[in-house]
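**Student:** Here the protein sequences come in this chain order: A and B. Heads up, the first sequence is in my numbering, so the first residue is 1 and it goes up one at a time. Heads up, the second sequence is in my numbering, so the first residue is 1001 and it goes up one at a time.
There are 2 protein chains.
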Amino acid sequence: MTDINATYQLLCDQARETTMLARIQQLLEWDEQTKMPKAGGPYRAEQVAYMAGLVHKKRTAPEIGEWLEQLTQSPLAADLESDTGSNLHHLRRDYNKKTKLPQSLVEQLAKACTLGQQAWIEARQADDFKKFQPNLEEIIRLKREEATALGYEKTPYDPLLDDYEPGESTENVARILSELRDALVPLVQAIAESSQRPDASLLARSYPTDAQKSFGTEAARAIGFDFNAGRLDVTAHPFMTGLGPGDVRMTTRYDEHAFSDAFFGILHETGHGLYDQGLPREHYGLPLGEDVSLGIHESQSRMWENQVGRSRAFWEHFFPQAQAAFPAALKNVAIDDFYGAINDVRPSLIRVEADEVTYNLHILIRFELEQALIEDRLQVADLPGAWNEKYEHYLGITPPSDADGVLQDVHWSAGLFGYFPTYALGNLYAAQFFAQAEGDLGDLDKQFRQGKFSPLREWLRKNIHAQGRRYTAAQLALRVTGSTLSHESLIRHLASKYGKIYGL
Amino acid sequence: MTDINATYQLLCDQARETTMLARIQQLLEWDEQTKMPKAGGPYRAEQVAYMAGLVHKKRTAPEIGEWLEQLTQSPLAADLESDTGSNLHHLRRDYNKKTKLPQSLVEQLAKACTLGQQAWIEARQADDFKKFQPNLEEIIRLKREEATALGYEKTPYDPLLDDYEPGESTENVARILSELRDALVPLVQAIAESSQRPDASLLARSYPTDAQKSFGTEAARAIGFDFNAGRLDVTAHPFMTGLGPGDVRMTTRYDEHAFSDAFFGILHETGHGLYDQGLPREHYGLPLGEDVSLGIHESQSRMWENQVGRSRAFWEHFFPQAQAAFPAALKNVAIDDFYGAINDVRPSLIRVEADEVTYNLHILIRFELEQALIEDRLQVADLPGAWNEKYEHYLGITPPSDADGVLQDVHWSAGLFGYFPTYALGNLYAAQFFAQAEGDLGDLDKQFRQGKFSPLREWLRKNIHAQGRRYTAAQLALRVTGSTLSHESLIRHLASKYGKIYGL
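(1) What is the rounded straight-line gap between the Cα of leucine 330 (chain A) and the Cα of serine 293 (chain A)?
(2) Tell me the DSSP secondary structure of glycine 271 (chain A) in three-state form.
(3) Using Cβ-Cβ distances below 9 Å, what residues of the stretch 1236 to 1255 of chain B are close to chain A?
(4) Can you list, in chain order, the residues of the stretch 1364 to 1392 of chain B whose Cβ is nearer than 8 Å to any Cβ on chain A?
(5) Which runs of the beta strand (DSSP E), 3 residues or longer, sit entirely within the stretch 1234 to 1262 of chain B?
(6) Could you check which residue in B:Ile1464, B:His1362, B:Glu1389 and B:Leu1383 has the C-alpha nearest to that of leucine 1184 (chain B)?
(7) Assuming the contact rule is C-beta atoms closer than 8 Å, alanine 192 (chain A) and glycine 396 (chain A) should be a hit. Round their C-beta distance to whole Å, please.
(8) Looking at chain B, is there any beta carbon in it that lies within less than 8 Å of the beta carbon of glycine 273 (chain A)?
(9) For leucine 88 (chain A), tell me which candidate among A:Pro399, A:Gly426, A:Leu288 and A:His465 has the shortest Cα-Cα distance.
(10) How long is the line joining the alpha carbons of serine 1454 (chain B) and phenylalanine 1434 (chain B), rounded to whole angstroms?
(11) May I ask you to list the residues that DSSP assigns as paired with glycine 230 (chain A)?
(12) What is the residue span of the alpha helix (DSSP H) that glutamine 133 (chain A) lies within?
(13) For leucine 1425 (chain B), which residues from the same chain have a beta carbon less than 6 Å from its beta carbon, with the 5 sequence-adjacent residues on both sides left out?
(14) For a minimum of 3 consecutive residues, which ranges assigned as the beta strand (DSSP E) are wholly contained in the stretch 1438 to 1466 of chain B?
(15) Are leucine 202 (chain A) and alanine 341 (chain A) close, meaning C-beta to C-beta below 8 Å?
(16) Under 8 Å by Cβ, that's how I've got aspartate 1336 (chain B) and aspartate 1199 (chain B) pegged, so tell me the actual separation to the nearest angstrom.
(17) Check the Cβ of phenylalanine 1227 (chain B) against every Cβ in chain A and list those closer than 9 Å, keeping chain order.
(18) Roughly how many angstroms lie between the CA atoms of glutamine 118 (chain A) and threonine 99 (chain A), to the nearest whole one?
(19) Pop quiz: tyrosine 157 (chain A) and isoleucine 365 (chain A) are said to be a contact at Cβ under 8 Å. What is the actual Cβ separation, rounded to whole angstroms?
(20) Comparing alpha-carbon positions, which option in B:Pro1042, B:Gln1436, B:Arg1449 and B:Trp1459 lies nearest glycine 1482 (chain B)?
(21) Taking only the alpha-carbon atoms, compute the straight-line gap between histidine 272 (chain A) and valine 248 (chain A) and give it to the nearest angstrom.
(22) So the alpha helix (DSSP H) glutamine 108 (chain A) belongs to, where does it begin and stop?
(23) Closer than 8 Å, Cβ to any Cβ of chain B: which residues of the stretch 37 to 53 of chain A, in chain order?
(24) How far does the alpha helix (DSSP H) with glutamine 323 (chain A) in it extend, from its first residue to its last?
(25) Pairing CB atoms from the stretch 294 to 309 of chain A with CB atoms from the stretch 409 to 427 of chain A, are three or more of them under 8 Å?
(26) Measuring only between beta-carbons, confirm whether aspartate 1291 (chain B) sits less than 8 Å from chain A.
(27) Rounded to whole angstroms, what is the Cα-Cα separation between glutamate 63 (chain A) and serine 178 (chain A)?
(28) Check whether the stretch 1011 to 1027 of chain B and the stretch 1227 to 1235 of chain B touch, using three or more Cβ-Cβ pairs below 8 Å as the test.
(29) Apply the 10 Å Cβ neighbour rule to arginine 1469 (chain B) and answer buried if 16 or more other Cβ atoms are within range, or exposed otherwise.
(30) Under 8 Å between beta-carbons, which chain A residues line up against aspartate 1210 (chain B)? List them in chain order, please.
(31) Whole angstroms is fine: what's the gap from glutamate 165 (chain A)'s alpha carbon to leucine 150 (chain A)'s?
(32) Just verifying my parser: in three-state terms, what is the DSSP assignment at aspartate 1505 (chain B)?
(33) What do you reckon, are the CB atoms on glutamate 218 (chain A) and methionine 240 (chain A) nearer than 8 Å?
(34) What is the DSSP secondary structure of methionine 1036 (chain B), counted as helix, strand or coil?
(35) Tell me the rounded alpha-carbon separation between alanine 220 (chain A) and glutamate 438 (chain A).
(36) When the cut-off is 8 Å and only beta carbons count, does aspartate 1031 (chain B) lie next to chain A?
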C-alpha cells in the first residue's frame, strides 16, 4: 500500500512538472502573439518547438506506463469519482492516446499541417481551392491513419472528436445537432422574412478604442474577472490562455467602427477566464485541476457573451455607462434600438462574424462535412461544391467565392478535425446550464438589471468550475441540470428572445 | 580530425541549447517584471527555479568535461583568437568555474542570498543594520569559501571579480581606481565650491509621462535602436535583457516630475540594447556571440547616456523637439539653462541618483569596502562606520542613516561581490573608447548637432559589438584605443566639460 502511494506521488509529480513546462510553452506563445518584436520570430519558433518536444517527452516517458500498470489495478483507481481514481483515469487515458501513435505518424502529421497551413493561406489569398486540395487530402489521409491507430468501433471520427470532447460520441453529437438543425432552420427563415429589422449600423459609428478598452475592462471586472490574477491584451486573433494558477491572459482586438467585435469578444474571453480562475487550485497541474472539455469551456464563454451580455437586462444596467463612455455614438440612441442592433440576425457567409442564431448552422455544416470527409463518404475534390450546397440549403445563401466559403477557417489545414462541433455543444450546454441557474437562483434578469452578476458566477463556480475534470461533459450536464444534453433549452431561449425582437 | 570536429559540434550544440533555455528563463523573468498579474508570482517562482536548475544541469553535464578534454589539446584550441579557439577557451573556463563549486556550497549560497535579501529589505525599512548583519556575515563567509574553491593567487577577491570582468585582476582595478580617485576628489571639491550653480529644479516641472515615453522612444530610435527587434516597457527597476537574436527588451520608469530619470535611463538602456543588437548573430548561443564583460557592457550604456546624451551638441539637435514635446515645462527655457540642469553636480548620498562626476566615488567606496570584507581586513560589524567615514572623506557628506547609507544597495545581500567596480570600469572604458572614436571620426559634436549618430554607432558596432567575446576587455581596449585602460580619458572629459559649466 505504501508502495502504491509512493508510485502515485511519482506519477503526480511528473504530471505537475509536465504541466509547468506546458505553461512555459504557453507563455512563449502568448508573448509571441502580444509583445514580441517581429524580428524575434525565428528564435521563438525554435524555443516553442523545443519546449513542445520536452513536454511530449515527459508525457510519453516509459516510466509513466510502468507506474500506471501498477496503479490501475490498485484500490486508488477503484472509485472513478475519487480524487485518485479520477486522476488515474485521465492520466491513463492521455498516456494511452499519446503512446498509441507511432512517432513517424506524429512527425508526418506535424509536417503535413505546417505545409497545409502555408498552402491554405496561399489558396485563400488566391481564392483557389485547388492550391490547398492536395494538402487537405494528405491531412485527411493521415487523420484517418491516426483514427485507426487510436482505434474505434463505429466511425473514425469518434477518436478525433474525443480529443476535444472526451467521452463524447459522434452518434450522439450527430443526433443532437440534427435536432437542433431541424428546429433552427425554420427559425432563421422566419427571422429572415420578418419585416422588423434592427438598425445595426449604429454599432459602426465612432467608438474610440481607448474608451472601448476601459469600458470592456470594467464590464469584465463587473462580471467577476479578477485582474489581480489576469490581464487583457491586444492580438490579431483573440484568445484566452491560462499560464498558471493566478495568471489568466485574455486578448481582444479593437476596431473603432465595430463596437460588438471587441466588447462581446471581451465578454467571451472573460467567460473562458472565469472558468480558468474557478478551477480547483489544490489540484493544479493534475487532470482534476483542469477543464472538462472544449464544449464545456465554450459554454462558459458563450453564456457570458450571449445569455448574459446580449440580454436586455444586462444593458438596462450598462447602457447608461455605455452612453457616458461613447457619447458621440450613443447619446441619442434608445436602449431598444441598441438592444436590437446587438441582436441583429441575418444569414451570412462568415462563421466568426455570425450572430447567436445562425452561428450554429455554420457549425453544423462543418460538422457534417468533416464527418463525411473522415468517413470517406466525401472526396476533397467535391468539398467546395458540397459546402456551397449546404450554405444554400441551411442559410439560403451561396458563397460567391471559396475564399469566403470553404477556405475561411484555419482548422482543417491545421489538422483540427472534431473541433468544430464543440462550438455548437458549447452553445447547447450554455443554454441548458443557464436555464438551470435561473431555476435555482430565481429571476436572473432582475439581478442583471441591478448589476448583480455574482449569484450566477458563484453558481457556475460551485457547480462547474470547482469540479475540475471529475466528470465528463455528459455526466456534468446530468448532475447539474438533471437531464442529458439536448437542443431544447437553446431553442427555447432563441425562439423566445428573437420572437420578441422580430415580432414572430 | 573528423572525430574532433564532431565532438566540437556536440559541444556547440549543447552550448546553444543551454543558451536557448537560459533565454526562456529570461522571458519568464522579464514577463514577471513587466506584465505578469500579481497573483501569478508563486507559480512563476517555481518555473524560474525549474528552468535555472535545467540550465545549471546542462552547463555542468559531465559529457562537457569529456568533450573539453578531447578538444583542449587539439588543433581547434591552438589559436585563441580563432573562432574555435576562442569558443573553447570560454567554454572550458565557464565549465571549470561551474564544476569547481561543490553542490552543497551552491545550495548554501542560494539559501543565504534568499534570506539575505529578505533581511536586507527589513533592515532597510527599519533603518537597522543589525537585522542584516548576521546574514551578511554568513554570505561573506560563503563567498570566501567560494573563492577558495575557485582558487586564487593573490586575493580571494580575484575569482569573484572574474565572474563579472573575466581576466581582470583586483590589483589592476585597484591601481586604476585609486588614480581615478586622486584626480576626482579635487575636481568634486572644486565644483562644490564653485559659485556657478545650475538650476536643476526646472527638471522637476510637469513632464507628462505619455510625452516622455514618445520623446524617449524617438531618441532611442534616432541613435539607432531597432524597434523591429526590440521594445521598451515599464518596470520599477530599469534593465535591459536580450531574449534572443532580434529580441532585445529594455525597461524604464516614468515620473512626471523627474525628466532625467526616464530620459537618461532610456538612453542608458539603449546603449546596452545597441550592444546586444550589434553582437555577431552567426555565433549566437556560443561565447563568441556574447558580450565581453559587465564593464564593457556598461561602457556602451554610459557612453550614450553621458558622453552623447549629456553633451551640449546632442541638445542643440534635440532641445527644440523637447520644447515642442514639453511646452509647459520648457517653452521659456534657454538651452544653456537646460544643459546646466542636466549636468548638475553635487555630492549626494544615493549612488543611483548620482551625477556623472561623483558617481565614480560612490563606486570606489563600495569597491574598497567589499575588497576589505572579502580579504577579512574589515569586519561586518564595523562596516557602517567605515562606510560613513569614506563618504565623509571622499564626498564630504555623512549619511544621516544606514538606510540612506550602507543599506541602500541590494548587491551584497544577493552575494554580488566584485560587481560594483564594473560600473566604474564602464565609465572609464566609455571615455577611452569615445576619445578614440573622436580621433577616428572627426568632430563628433558637429555630427550630433546635425542629428547624425550613425557614424559613432557604426564605429562601436564594428570595433566593439561585432567582436563578441573574442577578446578580453583589456585586450579590446588595447586593440581599439592603442592603450591599456587608464583614468586619463575620463578625467580629461570631466575636467574639460565641467570646467566650462562651473567656470573652474
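Each residue gets a CB set at the ideal place from its N, CA and C atoms; glycine is no exception.
**Tutor:** In this structure, then:
(1) Translated into the one-based positions of the first sequence, residue 330 (chain A) becomes position 330. Translated into the one-based positions of the first sequence, residue 293 (chain A) becomes position 293. Approximately 39 Å, taken between the alpha carbons.
(2) Start at 1 with the first residue of the first sequence, and residue 271 (chain A) comes out as number 271. Glycine 271 (chain A) falls in the helix class under three-state DSSP.
(3) Leu1243, Gly1244, Pro1245, Gly1246, Asp1247, Val1248 and Arg1249
(4) none
(5) 1240 to 1244 and 1247 to 1252
(6) Here residue 1184 (chain B) refers to the residue found at position 184 when the second sequence is read from its first residue. Nearest C-alpha to leucine 1184 (chain B): B:His1362.
(7) On the first sequence, residue 192 (chain A) is found 192 positions in, with the first residue counted as 1. On the first sequence, residue 396 (chain A) is found 396 positions in, with the first residue counted as 1. Yes, alanine 192 (chain A) and glycine 396 (chain A) are in contact; Cβ-Cβ is about 7 Å, under 8 Å.
(8) Translated into positions along the first sequence, residue 273 (chain A) becomes position 273. So, not an interface residue.
(9) On the first sequence, position 88 is the one that residue 88 (chain A) refers to. Answer by Cα proximity: A:Leu288.
(10) Working through the second sequence from its first residue, we reach residue 1454 (chain B) at position 454. Working through the second sequence from its first residue, we reach residue 1434 (chain B) at position 434. In a straight line, the C-alpha of serine 1454 (chain B) is about 14 Å away from that of phenylalanine 1434 (chain B).
(11) Within the first sequence, numbered from 1, the residue matching residue 230 (chain A) stands at position 230. Answer is A:Val248, bridged to glycine 230 (chain A).
(12) In the first sequence, residue 133 (chain A) corresponds to position 133, counting from 1. Here the alpha helix (DSSP H) through glutamine 133 (chain A) covers 133 to 150.
(13) Along the second sequence, read from residue 1 onward, the residue named residue 1425 (chain B) stands at position 425. Result list for leucine 1425 (chain B): Gly1295, in chain order.
(14) none
(15) As a working mapping, residue 202 (chain A) is identified with position 202 in the first sequence. As a working mapping, residue 341 (chain A) is identified with position 341 in the first sequence. Closer than 8 Å, so yes.
(16) Along the second sequence, read from residue 1 onward, the residue named residue 1336 (chain B) stands at position 336. Along the second sequence, read from residue 1 onward, the residue named residue 1199 (chain B) stands at position 199. About 11 Å separates the two Cβ atoms, so there is no contact after all.
(17) In the second sequence, residue 1227 (chain B) corresponds to position 227, counting from 1. Within chain A, the residues near phenylalanine 1227 (chain B) are Pro37.
(18) Numbered from 1 along the first sequence, position 118 holds the residue referred to as residue 118 (chain A). Numbered from 1 along the first sequence, position 99 holds the residue referred to as residue 99 (chain A). The straight-line gap from Cα to Cα measures roughly 28 Å.
(19) Counting from one through the first sequence, the residue named residue 157 (chain A) turns up at place 157. Counting from one through the first sequence, the residue named residue 365 (chain A) turns up at place 365. Between isoleucine 365 (chain A) and tyrosine 157 (chain A) the Cβ distance is about 15 Å, and since that is not below 8 Å, they are no contact.
(20) Along the second sequence, read from residue 1 onward, the residue named residue 1482 (chain B) stands at position 482. Measuring from the Cα of glycine 1482 (chain B), the nearest candidate turns out to be B:Gln1436.
(21) As a position in the first sequence, residue 272 (chain A) is number 272, starting the count at 1. As a position in the first sequence, residue 248 (chain A) is number 248, starting the count at 1. Their Cα atoms are separated by approximately 9 Å.
(22) In the first sequence, residue 108 (chain A) corresponds to position 108, counting from 1. 103 to 126 is the span of the alpha helix (DSSP H), which, as asked, contains glutamine 108 (chain A).
(23) Pro37, Lys38, Ala39, Gly40, Gly41, Pro42, Tyr43, Arg44, Glu46, Gln47, Tyr50 and Met51
(24) What you label residue 323 (chain A) is simply residue 323 of the first sequence in a count that begins at 1. Note, glutamine 323 (chain A): alpha helix (DSSP H), 312 to 325.
(25) yes
(26) The residue given as residue 1291 (chain B) occupies position 291 in the second sequence. Taking Cβ atoms only, chain A never reaches closer than 8 Å to aspartate 1291 (chain B), which makes this a no.
(27) Position 63 of the first sequence, counting from 1, holds the residue named residue 63 (chain A). Position 178 of the first sequence, counting from 1, holds the residue named residue 178 (chain A). Distance between the alpha carbons of glutamate 63 (chain A) and serine 178 (chain A): 44 Å.
(28) no
(29) As a first step, residue 1469 (chain B) is located in the second sequence; it is residue number 469 there, counting from the start. Buried, since its Cβ has 16 or more Cβ neighbours within 10 Å.
(30) Sequence index remark: in the second sequence, residue 1210 (chain B) carries index 210 (1-based). Here the premise fails: no neighbours, minimum Cβ distance about 12 Å.
(31) By one-based count along the first sequence, residue 165 (chain A) stands at place 165. By one-based count along the first sequence, residue 150 (chain A) stands at place 150. If I take the Cα positions, the gap works out to 15 Å.
(32) Outside the displayed range of chain B (1001 to 1504) lies residue 1505 (chain B), so it cannot be described from this structure.
(33) Locating residue 218 (chain A) in the first sequence gives position 218, where the first residue counts as 1. Locating residue 240 (chain A) in the first sequence gives position 240, where the first residue counts as 1. Cβ distance not < 8 Å, so glutamate 218 (chain A) and methionine 240 (chain A) don't count as in contact.
(34) The count along the second sequence starts at 1 and reaches residue 1036 (chain B) at position 36. Looking at methionine 1036 (chain B) - three-state DSSP - the assignment turns out to be coil, as it is neither helix nor strand.
(35) Numbered from its first residue, the first sequence carries residue 220 (chain A) at position 220. Numbered from its first residue, the first sequence carries residue 438 (chain A) at position 438. Taking the straight line joining both Cα atoms gives about 21 Å.
(36) Residue numbering aside, residue 1031 (chain B) sits at position 31 when the second sequence is read from its first letter. Chain A contact via Cβ: present.
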